[in-house]
Every structure is written in C-alpha cells, then in structure tokens.
Amino acid sequence: MRAGDCVTAEALVALLLNDMRNDNSTHRVIQYLRHLAAGQEGGTRLPSVRALMRMLGAGPVTIAAAIRRLAEEGLVDARPGLGTFVAAPAEAKGPAAADLAWQTVALGPTRGSTEALAELALVPTPAALALNAGYLPEDLQAGTLIGAAAARALRRPGVWGRMPPEGLHALRAWFAVAADSFRPHEVTICPGTQAALAAAFRALALPGDPVLMESPTYVGALAAARAAGLRPVAVPIDESGLRPELLETSFRASGARLLYCQPTYANPTGAVLTAERRAAVLDIVHQAGAFAIEDDWARDFSLEGSAAPAPLAALDPAGHVILVRSLTKCAAPGLRIGAIAARGAALERLRAARLIDDFFVPGILQETAVQLVTAPAWERHLRRLRTALRARRDALAGELRRAFGPPCLAHLPAGGLHLWVRLPEGVSDIEACERARRADILVSAGRHWFPAEPPGSYLRLSFAALAPEAAGEAVARLVGAIG
Ligand SMILES: Cc1ncc(COP(=O)(O)O)c(C=O)c1O
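Going left to right, the sequence shown walks through residues 1221 to 1703 as the working numbering numbers them.
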C-alpha cells in the first residue's frame, strides 16, 4: 500500500503539502507524517526519506529528525535499510501481559493523582515549544558556572564521604544569609524544594489534617500535601495574594494548624502579598496557633529592577513560619539543591523527616552549590537571567494580549517564570491543552492548580523557555489550537 493512498483527509494533506513547500522545518514534516500515519494499521509503510524530500522539498537532516522524533513518541518504527512504518500499538508488542489486577485490590485507594505534576516534569522533545516547564531552559542555565564549580568541588577532600544530615555548614550559612531571617543551625539542606515540601507536610501535620492552601497554588505542593494524607482547603487569592478576611474564616471553619503559601511571585499567578497583608496574614497565623510554610522559590526572579519584598519569615521571631528556598530554580534543573529553615520543635521534626527520607544530600552536589554561589560570577548570572526573563515575559505577554485581548492577563507578574492566562468563555483548559500539545506547544491546564473547583478556565504558560522572537509563533500556534 502506498502511504498517499491511505490518507482519508486528502484535502487537508494537500493543504499541508502546499504549506510544506513554503516551510520545510522539522515541525511541518512531523505534522505531515502524523497525518499520514493517523488511523493506519501498524506495519503500514510510510514514504521513503527520498520520496519525502521530493514531496516536501525538505533536506535529509530535517526528515531524519522528524522520523526520529516520531519514533521516540512510539508513532513510527524506523527500520534502517527497510524503511519507516506505522508502529504497532504498544499492547500488541511482546508477550501477553501478566494479570496485575490483584495489585489494585492490594494497594487500595490512591492519595491523589500526580498526573499534572508528571506533565510538568515531562522532558520535551526538541520540536516542542515547552511552555509547561517551571525550570530555566538550557540557554539561561548556569551551565558553565556549574561545570567550573563541580570541578572545584571534586578536588575537595571527603566529597564522596558521609555528610551531616542537616547539610554542609558553608551551604547552610549561605542560605541563612540569603533568607535574612534564620541562623545557619536552623537551616536544613534538601535535594530540591519539592523534597523539602514533602517532608514539611509529613512533619508538621498528621494524615487527615486540613492544610490551608492559596487557590490557585503550585500543583507540586498540592500533590505532596495529598500524598501526606492531608486535606487541602482552598483559600482564594487575588493579585495582592491571600485575602486576610478569607484566611481568618478558613482557619476558624477548618480548624487547620497549617498554611502553605507563596507570598512572593506566586506560582502560577505571580501575585505578591502586599506589605499590609503580610502583617495581617502573620497576625492571623499567630492567632490560630498555626504554622505557615512559606515557599520562597522565586526570590531571585524579581523582574522590575527592585528587590523582592522581605520574606514573611523575617517578620516572625516566634517560629510560626517555615521557610523554603530553591537553588535549583535559578541555577539548573539538575542541581537539585534547596533548603528549609525552621525553629524549635518544628526544626527537630523536619530534620527527623529528612533523615528518614534519604539520610543526607550527596556531598558533590552540596560542594558544587557552595562553589557556585560563592563564585564572583554568580551575581552576574542572576543579573543576566533577570534581564533575559524580563524580555521573555514582555514578549509573550504582549503577543497574548494582542491575540486574546488585555483581560486574558489580570496583571503582569513582577517576578517568577509564569503567566496565568484566562481563556475565552466556553473554552475548556483540558481541551486547549491537548490541542496545543498536538501543535507541539506544551502548556499546563489551569484546573490542576486549584485545590477545589476552578472558578474559570486558565492555562499556565512559562515564559522562561521562549526567546522573545519566538513569542509570536508560540501564540499563533496557541490561537490555532484553541480555535
Ligand atoms: C512554587 C514551587 N515550589 C517548589 C518547587 C520545586 O522546586 P525544586 O524542587 O526544583 O527546588 C517548584 C517547582 O516547580 C515550584 O514551582
């Protein structure tokens, strides 16, 4: 069978071919092959590389890249010397699957889904515009600096030995100064702040307890709280962050003793808690005899030239605020280093939880982190980063407002990595997300970010991964996908 014979939507393919002749990028080749493969049986032969080159006017490298990408997705089988074929469905391959149904019975109920989190952690293929990630793309990472820091770290004595469970003193001291409100002995080093959050939810509450959470909030925090058996209770926020009157009522109604919040450049909205509200929120937390986990992940992503407001923890000498900070976010995703700071019995409980989790963070990572943040070039990296992120934020926000109208963004976030986009009336976030994925643009559906019912349809877009000159193309793909 010739591939061209089996295409059902012939008109569409003709259009695509026409388009292809004007644009021979890998993306277009992928689109074309997807349409050829759609609905075909496994084993159907697709046109040869040479035929594709002739039909599409694309070079062999472009065609090979497109085939490789589709093979990685499991859509095609590329058999060297034989050709390219539509792949057989996964379940048809290999021996008959064992009956594992007993596991479902043995495991019982799940503690919430991690689907949304897995979506964020997805490593994108090269052709995709990855606006779903919460990390710096390669061109903004501190790769060269980390390489030099790792080389110095490797020469440190005892780097492969056992580390203190609370972390290296030099790194704890650096985090203490950066947090501006704790002393080194109150800081514990963690392999990223996700680990810090997971330990905090387990250490500071018992399964079944309520935990107040901003609505919307970070999906990773929601997943970690649920995995600890806690019950997230939504406290709606506006662009100035938590609303004190609603927070007070929520503490009273739920009896919660724990709040998770992001007062500075919240993920996903970018909201910043005003100075007045900071004082009010702390007062309410004190009155409730509660703890507040302050996730200060975005402090280094201040985009308007002024420093980020002091953390809530700086106003709290009484040990109510547990502060979490990330180095991973502003360095590179692979440098999994974060810190959690607390006082009193809460510190002891957190340290015990961390010890149970993994004893200590590898010395090579901690030493590399110390070498990195004490290098003179570190501050230069942060300055360059902020300038680049600001340009990316402005370009994407500008294109979005032009395409969807100004109300699609309630405000321009003064920091962070994300835009929180309200979709037009009647557009489902899940469908928009899925259609965007098919157009090779990855975004995150808003509903996952709400602890309870979403009040509207939103997408979270990360502007970090998108060079300013690519913003127009990204929004055009999004508009095309949403329709
Ligand atoms: C608000 C927030 N907190 C914590 C994390 C976890 O960051 P990491 O574990 O990489 O430090 C993330 C990552 O996306 C985040 O967005």
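In this text, a Cβ means the ideal position worked out from N, Cα and C, and glycines have one as well. Given the structure is predicted, the values throughout are model-derived calculations rather than measurements.
{"Query": "Pairwise C-alpha distance: T1437 and C1481", "Result": "8 Å"}
{"Query": "R1331 beta carbon less than 8 Å from that of A1198", "Result": "Since the first and last residues shown for the chain are 1221 and 1703, residue 1198 lies out of range."}
{"Query": "Cα-Cα separation between I1584 and D1458, rounded to whole angstroms", "Result": "42 Å"}
{"Query": "Beta-carbon proximity list for N1244, same chain, < 8 Å, skipping 5 on both sides", "Result": "Interpretation of N1244 is limited by its pLDDT of 48, a score under 50 that renders its predicted location unreliable; the figure taken from the coordinates is listed afterwards. Same-chain partners within the cutoff: L1276, G1277, A1278, G1279 and T1282."}
{"Query": "Pocket of ligand 2 defined by Cβ to heavy atom distance under 5 Å", "Result": "Because ligand 2 does not appear in the structure shown, any question about it cannot be addressed here, the ligands present being ligand 1."}
{"Query": "Distance between beta carbons of A1486 and G1461, contact taken as under 8 Å", "Result": "7 Å"}
{"Query": "Bridge partner(s) assigned by DSSP for L1629", "Result": "V1641"}
{"Query": "Where G1583 falls: helix, strand or coil (DSSP)", "Result": "helix"}
{"Query": "Per-residue burial, A1527 [other beta carbons within 10 Å of its own, 16 or more giving buried]", "Result": "exposed"}
{"Query": "Neighbourhood of R1657 by C-beta distance below 6 Å, restricted to the same chain and skipping five residues each side", "Result": "none"}
{"Query": "Pick from G1449, R1248 and T1594 that is closest to A1368, judged by C-alpha positions", "Result": "T1594"}
{"Query": "Unbroken alpha helix (DSSP H) run spanning M1275, endpoints", "Result": "V1269 to L1276"}
{"Query": "Segment contact flag, the segment 1500 to 1515 with the segment 1369 to 1376, C-beta cutoff 8 Å, min 3 pairs", "Result": "no"}
{"Query": "Distance, L1340 Cα to P1627 Cα", "Result": "26 Å"}
{"Query": "Status (buried if at least 16 other CB within 10 Å, exposed otherwise) for T1484", "Result": "buried"}
{"Query": "Cα-Cα separation between L1432 and V1379, rounded to whole angstroms", "Result": "40 Å"}
{"Query": "Span of the beta strand (DSSP E) around L1340", "Result": "Counting along the chain, L1340 falls outside any beta strand (DSSP E), though it belongs to the alpha helix (DSSP H) covering E1335 to A1341."}
{"Query": "DSSP beta-bridge partners of R1545", "Result": "A1559"}
{"Query": "Rounded straight-line distance, which links the Cα of R1600 to that of A1419", "Result": "33 Å"}
{"Query": "Neighbour-count burial assignment, E1619, 16 or more Cβ in a 10 Å radius", "Result": "buried"}
{"Query": "Outcome for V1590 when other beta-carbon atoms lying within 10 angstroms are tallied against a minimum of 16", "Result": "buried"}
{"Query": "Own chain residues within Cβ distance below 7 Å of G1636, not counting five before or after", "Result": "Y1485, N1487, G1490, A1518 and F1521"}
{"Query": "Helix, strand or coil at F1511 according to DSSP, with G and I counted as helix", "Result": "strand"}
{"Query": "Y1678 versus A1665 - alpha carbon distance", "Result": "7 Å"}
{"Query": "I1560 and T1408 closer than 8 Å at C-beta", "Result": "yes"}
{"Query": "N-terminal and C-terminal residue of the alpha helix (DSSP H) that D1319 is part of", "Result": "Run containing D1319: none; DSSP gives neither H nor E here."}
{"Query": "Anticipated Cβ contact below 8 Å, L1643 with L1351, distance rounded", "Result": "Not a contact, Cβ separation roughly 14 Å."}
{"Query": "Residue-level contact to chain D via CB, R1697, 8 Å cutoff", "Result": "In the structure shown, chain D does not exist; there is a single protein chain."}
{"Query": "Sequence-distant residues of the same chain with beta carbon closer than 8 Å to H1389, five excluded per side", "Result": "P1404"}
{"Query": "V1227 versus F1305 - alpha carbon distance", "Result": "In this predicted model, V1227 has a pLDDT of only 42, less than 50, meaning its place in the structure is not dependable enough to derive any value."}
{"Query": "Nonlocal neighbours in the same chain, by C-beta distance under 8 Å from A1284, ignoring five residues either side", "Result": "V1269"}
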